[in-house]
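Visitor: First the structure, then my questions, so here it is.
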Amino acid sequence: MLTVQLENAGFYKISWPTQVEAGTTFIRPGMRESVRVFVPQDSSEVEVYAGALREGRLVYQGPASAASQLALLALPNN
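Residue numbers for the sequence shown, in the working numbering: -11 to 66.
What follows is the structure, given as structure tokens:
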């Protein structure tokens, strides 16, 4: 379900060449910075990063169900 919500918000899946933890990474480039969401395999938690693609800062880590602010990522100015 989270995958569909992210895709509807303009995110797309990317593949990291050396991803250590199993899961899926989504990215949405922005004019000022990118937003990256990592959804670990077999986990209900997510990690959300903002900034440069590789050196983004962690802005949220925790249960996806508690991340009500994830809907705000769909806004074009975020």
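From the three backbone atoms N, C-alpha and C, an ideal C-beta is built for every residue, glycine too.
Rounding to the nearest angstrom, what Cα-Cα distance links Leu(-10) and Met19 in this structure?
Guide: Here residue -10 refers to the residue found at position 2 when the sequence shown is read from its first residue. Here residue 19 refers to the residue found at position 31 when the sequence shown is read from its first residue. If I take the Cα positions, the gap works out to 24 Å.
Visitor: Considering Cα atoms alone, identify which of Asn(-4), Tyr0, Ala(-3), Val27 is closest to Ala10.
Guide: If you number the sequence shown from 1, residue 10 lands on position 22. The residue with the shortest Cα to Cα distance from Ala10 is Val27.
Visitor: If I follow the unbroken alpha helix (DSSP H) through Gln29, where does it start and stop?
Guide: The residue given as residue 29 occupies position 41 in the sequence shown. Careful: Gln29 lies outside any alpha helix (DSSP H) and carries neither H nor E.
Visitor: When DSSP labels each residue in this structure, what does Leu46 get in the three-state scheme?
Guide: The sequence position of residue 46 within the sequence shown is 58, counting from 1. The answer is strand: DSSP assigns Leu46 an E or B state.
Visitor: Check the C-beta distance from Ala38 over to Val23 and give it rounded, since I have them as a contact under 8 Å.
Guide: The sequence position of residue 38 within the sequence shown is 50, counting from 1. The sequence position of residue 23 within the sequence shown is 35, counting from 1. The pair is a contact, with the Cβ atoms about 5 Å apart (cut-off 8 Å).
Visitor: Could you please give me the residues that DSSP links to Ala(-3) through a beta bridge?
Guide: In the sequence shown, counting from the first residue as 1, residue -3 sits at position 9. Its beta-bridge partners do not exist; DSSP assigns none.
Visitor: Find the nearest neighbour of Gln29 within the set Arg42, Pro17, Thr12, judged by alpha-carbon distance.
Guide: The sequence position of residue 29 within the sequence shown is 41, counting from 1. Closest by alpha carbon: Thr12.
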